[in-house]
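Participant: With our numbering applied, the sequence shown corresponds to residues 34 to 975, in that order. Attaching a single structure in structure tokens format; questions to follow.
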Amino acid sequence: MNKIMSLDGDWQMKWDTEDSGISNRWYATYPENTETVTVPHIWERAFSKLLMSQDCAYYFKRFTLDDEKLVAKRVFLRFERISTHASIWLNGKFLGTHFGAYTSFILETQKALKIGEENILCVRVANMGAANSRIDFGRESREGADDRYAHPSEMPVGLPWNQYPFGGIYGHVDLILGNAAFISDVHLEPDMDQERVTVETTFNNPRGFQTRLRILMKSPSGDVYESYKTLKLDRENATTKMVLGIKDWKKDKCVWSPDKPNLFAIELQLEIKGNKGKAPEYSFPVVKTFSFRKFDCLKGDYYLNDQILKIQGVSYNQQWSEGGLWTTDNPKLEKDLRAVKAAGFNAIRSCGAPLSTDALDICDRIGLLVFQEFPFHTMRSTPQGLEIAKKLINDIVKEQQHHPCIAVWVLGSENGTFMLQNGNKLLNMISPLDMCRPAISNLDSIYLDNEGAFYKDTGKLLPVSNDRIFQYATLRINPRLNPSAAYTHYLAHCFDKENDELDIPDTGLGDSNFQEGEENFAADIENKLLVTLKNHTLLPNKPTNINGPRCIKSQKEIKNLYKSVETFLSESGKSVWASFEDFNKDLRAIATKSKLDQITALQSNPQVAGFFLDQWADYGTDFSGICNENRESKGLEKFTREITAPSRVLISELEHVVTPQSEINFQLTLLNNSRCENVEVEVSLLENDKVLSTQTITPEEPAGKTSLTQLGICTMVAPRNLGFYQIKLTLKDNGKEIHSSFEDLIVIEQSDVKSAMKKVCFLDENEESSDALAALSGPEQIIFTANLSSWPDEILYKIIDVTKNGGKTLLLSDLTTEDIDFLNQSHHFDSTIEAQWSTGAKEISVHYLPEGSPLLHVFGNKKVLDHNSAAAMPGISLNELPNATVYARSVSIKDGEVKTGVDLQLYPFGKGRIMFNQFSVIEGLETNALADRLFKAIVDLL
34 MNKIMSLDGD WQMKWDTEDS GISNRWYATY PENTETVTVP HIWERAFSKL
84 LMSQDCAYYF KRFTLDDEKL VAKRVFLRFE RISTHASIWL NGKFLGTHFG
134 AYTSFILETQ KALKIGEENI LCVRVANMGA ANSRIDFGRE SREGADDRYA
184 HPSEMPVGLP WNQYPFGGIY GHVDLILGNA AFISDVHLEP DMDQERVTVE
234 TTFNNPRGFQ TRLRILMKSP SGDVYESYKT LKLDRENATT KMVLGIKDWK
284 KDKCVWSPDK PNLFAIELQL EIKGNKGKAP EYSFPVVKTF SFRKFDCLKG
334 DYYLNDQILK IQGVSYNQQW SEGGLWTTDN PKLEKDLRAV KAAGFNAIRS
384 CGAPLSTDAL DICDRIGLLV FQEFPFHTMR STPQGLEIAK KLINDIVKEQ
434 QHHPCIAVWV LGSENGTFML QNGNKLLNMI SPLDMCRPAI SNLDSIYLDN
484 EGAFYKDTGK LLPVSNDRIF QYATLRINPR LNPSAAYTHY LAHCFDKEND
534 ELDIPDTGLG DSNFQEGEEN FAADIENKLL VTLKNHTLLP NKPTNINGPR
584 CIKSQKEIKN LYKSVETFLS ESGKSVWASF EDFNKDLRAI ATKSKLDQIT
634 ALQSNPQVAG FFLDQWADYG TDFSGICNEN RESKGLEKFT REITAPSRVL
684 ISELEHVVTP QSEINFQLTL LNNSRCENVE VEVSLLENDK VLSTQTITPE
734 EPAGKTSLTQ LGICTMVAPR NLGFYQIKLT LKDNGKEIHS SFEDLIVIEQ
784 SDVKSAMKKV CFLDENEESS DALAALSGPE QIIFTANLSS WPDEILYKII
834 DVTKNGGKTL LLSDLTTEDI DFLNQSHHFD STIEAQWSTG AKEISVHYLP
884 EGSPLLHVFG NKKVLDHNSA AAMPGISLNE LPNATVYARS VSIKDGEVKT
934 GVDLQLYPFG KGRIMFNQFS VIEGLETNAL ADRLFKAIVD LL
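This is the structure:
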């Protein structure tokens, strides 16, 4: 007899809320008052409410084996998945334990199993239901020892994602009824160069066992080939190797790639000798899919089948608000992953936990690369936790390495002490098991955002073909909304050690250490970087309804956020939007255009190996997903198709607002994942779809050899007439258009900025105090400074005097923390100033002009400022001061709240006034058309 008997279905369950199950020996006494549940079983999905004390439960299953022939056979229990810690007893006898929610395990039952009688299987499941909870291991503690409970800091692995943790026997449970020998494991090593596959088979067998192994191999075209191998297993639990060649090898039909996911399958059966004259029987088969493909990372470039592939990926989380993984219903899971593929992404990163076997099978079939992340979550660990981490790596790699979709192993996304101290040890755990994939120790080795944050850790990359471990393999960057031409220039050239004259375009990008030492830091990077960017906030059109006991808080926060937005729109008196739909339409347009510009600039950078976008689906009030939390579309298909186009023309450094007949320069780069060979780029200037001029650019070297080709600077002359135009970029291959994109170009009249500048005393141009004092006594009625707090007391007193008592206007710009502190502490200033980031780097901020603002003509009578206003866009907004006249405002969504701010306001100050300006105008004077126009408008106001 050889078969697998399912133990799924009805089980009995009882909560152990008081930790009494061990002491009362429930595993042997079988308590009363249990309830019937269905396994697979997830607590969060089965119960509408869960208490914090409900983090441990006992499961009981009764079954009978009536076949007396099984007495001498081998019987095993196999558990597919249990979250998180399991202790197993059969008929009161302890079989073993397992820790970790994402690996299967097998236990032998022979010493405890009863044949012909009822058997009672008991499984104790303990889980960490919240970040501060613990697992009761049920360990017998020594007197004075604290080892019964495991806290998250002790066990860094195997925990469900902390957004929606879940517990229970959530996988299948089987009883394996084996003969004297059966196949226990199969390891495959495809060799594309040699056109063969090495099959390593491990048996569960007694000594001296002899039989035949039947091998069935199915090709991608559906052809099945059969062969046999005679086995003589001298050792107990032996392992054998055999090499199988591939018949009718053709690269385009046998090699796996995202475009052609050619899959093989192999089935192994152990022959069981029957009676003479009868056909032999076979043990239950072991079936595995595999394919031929190469994946490596050389100096940061990712190679698929010996060609560089620019990664265009998205972070994908399989956890579900209702409990467990998204989703146990395989058709829904396949639909979701196919939607990722249809959006154009060529890779996904499993976020916080490894993808399930079902998900990997789908990715194999549809051609989606997976950066498979191990579930390491905590910041530190005890030695015991490190050993469990090593075992988890071993279990996951052995179980999943045959999947061709897995491109890279990722040890963890966080930069905690555990990873920094043990990164090399854990990387080296992978190499003996899998020599065919690179491994990354985390995906946040460099962190940089536009709200003054920067840090670097030793994130490490271990390639396949080089045993040297590289540092700084990855970059997480959160750039600002509406990046300017200077900003995209920086993104297109950052971390290039050859470029020592690169200016950081925004004082909020990184901290002072980064801004002062960027050149030295770039010199430390020896390879290209894989970039992760977070989407800006993309609100669904209506609040998402999510279910499950772990998401009650998230559901409440979602409703509160939408209520706050509606309050801002209807009751605050500060809104310029008539409805939520209008507001959200503007947010969507700004967020998607900004992210497209950021990604386009980064893809132009030769130092960037690709990108991952956070994230595929929303969770809670983090609305940065492409779809909502229930995996329903947000209507962003056009956006995703653009950022994932395999081949397109990348543009950076473009000024959208120019003056007539001025020279326009911008950088062009060819992204060519499709390896188009005979390419040309047409750059056309359009007015109302009418072509005014066209120039054609062809690469100096054949384009098909590489994925990225620098086309250089493109120059054109702005039209003579004022108005709205577009630049069209068309990529052609063999004369056929394969991609096109458009950029806005606005021609405005030249502002008389020199006359405006003559009306202003630019105090910062004076290096000596005597010169500054003389300037303050001059005839100009407007005093400008961007360094208020840096002036000595005598200058500050003079500034106050000529403004408050003399009736002049003080124009303050680019206020620093020190400037704000000075004003708040001054007894001359009666109000309190507060500042907040409004770059939208982490979520979203929108800058706009209130009804009747005299600045409307500056921005083409558009109330909401978008990418065409990038050259002057504020990065910090202030609070509205009492009695101030407000000319420009901002609204931000951050941390689940709506926050309003002011970008330009005129505040009465004694006989004079103070204009608080947050627009970026001074550095662009006489070089930027929009800055000139805005500065003149502000001076005219004063």
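A virtual CB, placed ideally from N, CA and C, is assigned to each residue, including glycine.
Under DSSP, the alpha helix (DSSP H) around VAL598 begins and ends at which residues?
Facilitator: Unbroken alpha helix (DSSP H) run through VAL598: 585-604.
Participant: Tell me the DSSP secondary structure of LYS374 in three-state form.
Facilitator: In the structure shown, LYS374 sits in a helix (DSSP, three-state: H, G or I).
Participant: Leaving out five residues before and five after LYS765 in sequence, what residues of the same chain have Cβ atoms less than 8 Å from its Cβ?
Facilitator: Cβ neighbours of LYS765 beyond the five flanking positions: VAL712, GLU713, VAL714, GLU715 and ILE771.
Participant: When burial is assigned at 16 or more other CB atoms within 10 Å of the CB, is ARG674 buried or exposed?
Facilitator: Under this definition ARG674 is an exposed residue.
Participant: Using the C-alpha atoms, what's the distance from GLY485 back to THR540?
Facilitator: C-alpha separation (whole angstroms): 8 Å.
Participant: DSSP on GLN728, reduced to helix/strand/coil?
Facilitator: Strand.
Participant: What are the start and end residues of the beta strand (DSSP E) that includes ARG621?
Facilitator: Counting along the chain, ARG621 falls outside any beta strand (DSSP E), though it belongs to the alpha helix (DSSP H) covering 613-637.
Participant: Here's the rule: buried if 16 or more other CB atoms are within 10 angstroms of the residue's CB, otherwise exposed. What is TYR197?
Facilitator: Buried.
Participant: Among residues of its own chain, excluding the 5 on either side of TYR881, which ones have a beta-carbon nearer than 8 Å to its beta-carbon?
Facilitator: Contacts found: VAL609, LYS896, VAL897, LEU898, ALA921, ARG922, SER923 and VAL924.
Participant: Are the beta-carbon atoms of LEU140 and ILE153 separated by less than 8 Å?
Facilitator: For LEU140 and ILE153, no; Cβs fall outside 8 Å.
Participant: Find out if the Cβ-Cβ distance for the pair GLU113, HIS220 is shorter than 8 Å.
Facilitator: Going by C-beta atoms, GLU113 is not nearer than 8 Å to HIS220.
Participant: To which residues does DSSP link GLN938 through a beta bridge?
Facilitator: Partner(s): VAL919 and PHE949.
Participant: Starting from HIS522, follow the alpha helix (DSSP H) in both directions and report where the run begins and ends.
Facilitator: 518-526 is the span of the alpha helix (DSSP H), which, as asked, contains HIS522.
Participant: Using CA atoms only, rank isn't needed, just tell me which of ASN767, TYR335, ASN799 and SER597 is closest to ILE926.
Facilitator: Of ASN767, TYR335, ASN799 and SER597, the residue nearest in Cα terms is SER597.
Participant: Pull up the distance between the alpha-carbon of PRO576 and that of HIS436, whole angstroms please.
Facilitator: Approximately 38 Å between the Cα atoms of the pair.
Participant: When we look at the beta-carbon of ALA213 and count the other beta-carbons within 10 Å, is it buried (16 or more) or exposed?
Facilitator: Burial call: exposed.
Participant: Kindly indicate which three-state DSSP category PRO883 falls into: helix, strand or coil?
Facilitator: PRO883: coil per DSSP, three-state reduction.
Participant: Consult DSSP for ASN455 and reduce its assignment to one of helix, strand or coil.
Facilitator: Three-state DSSP puts ASN455 in a helix.
Participant: Classify HIS890: buried if its beta carbon has 16 or more other beta carbons within 10 angstroms, exposed otherwise.
Facilitator: By the 10 Å Cβ count, HIS890 comes out exposed.
Participant: Please name the residue or residues paired with THR273 in a DSSP beta bridge.
Facilitator: THR234, per the DSSP bridge assignment.
Participant: For GLY957, count neighbouring Cβ atoms within 10 angstroms of its own Cβ and tell me buried if that reaches 16, exposed if not.
Facilitator: That one is buried.
Participant: In three-state terms, what does DSSP make of PRO465?
Facilitator: In this structure, PRO465 counts as coil in the three-state DSSP scheme.
Participant: Which residues in the same chain as LEU402 place their Cβ atom closer than 7 Å to its Cβ, once the five residues preceding and following it in sequence are excluded?
Facilitator: Taken in chain order, the residues that qualify are PRO291, ASN379, ALA380, CYS438 and ALA440.
Participant: When the Cα of ALA472 is compared with those of GLN504, ASP490 and PHE487, which residue comes out closest?
Facilitator: The candidate whose alpha carbon is nearest that of ALA472 is GLN504.
Participant: Measuring straight from C-alpha to C-alpha, what distance separates ALA375 and ARG664?
Facilitator: Distance between the alpha carbons of ALA375 and ARG664: 14 Å.
Participant: Quick one: give me the first and last residue of the alpha helix (DSSP H) that ALA970 is part of.
Facilitator: Where ALA970 is concerned, the enclosing alpha helix (DSSP H) stretches over 962-974.
Participant: For THR763, which residues does DSSP report across the bridge?
Facilitator: GLU715 and SER773, per the DSSP bridge assignment.
Participant: Can you tell me whether DSSP reads ASN511 as helix, strand or coil?
Facilitator: In this structure, ASN511 counts as strand in the three-state DSSP scheme.
Participant: Counting pairs of Cβ atoms below 8 Å between the segment 582-593 and the segment 905-915, do you hit three or more?
Facilitator: Flag = no, the segment 582-593 and the segment 905-915 do not touch.
Participant: Could you compute how far the alpha carbon of LEU829 sits from the alpha carbon of ASN838?
Facilitator: Whole-angstrom Cα-Cα distance: 13 Å.
Participant: So PRO223 is in the alpha helix (DSSP H); what residue range does that whole segment cover?
Facilitator: Per DSSP, PRO223 belongs to no alpha helix (DSSP H); it is in the beta strand (DSSP E), 215-224.
Participant: Judging by CA-CA distance, which residue of ASN617, VAL750 and GLU355 is the nearest neighbour of LYS82?
Facilitator: For LYS82, the nearest C-alpha among the options comes from GLU355.
Participant: If LYS265 sits next to GLU233, beta carbons under 8 Å apart, how far is it from one beta carbon to the other, in whole angstroms?
Facilitator: Not really, about 17 Å apart at Cβ, beyond 8 Å.
Participant: Just list the alpha helix (DSSP H) runs in the segment 279-332, keeping only unbroken ones of 4 residues or longer that don't cross its boundaries, in chain order.
Facilitator: Those alpha helix (DSSP H) runs which fall completely within the segment 279-332 and span 4+ residues are 284-287.
Participant: For the alpha helix (DSSP H) holding MET790, just list the boundary residues, first then last.
Facilitator: Unbroken alpha helix (DSSP H) run through MET790: 786-791.
Participant: Kindly give me the distance between the Cβ atoms of SER478 and LEU460, rounded to whole angstroms, as I take these residues to be in contact under 8 Å.
Facilitator: No, SER478 and LEU460 are not in contact; Cβ-Cβ is about 13 Å, not under 8 Å.
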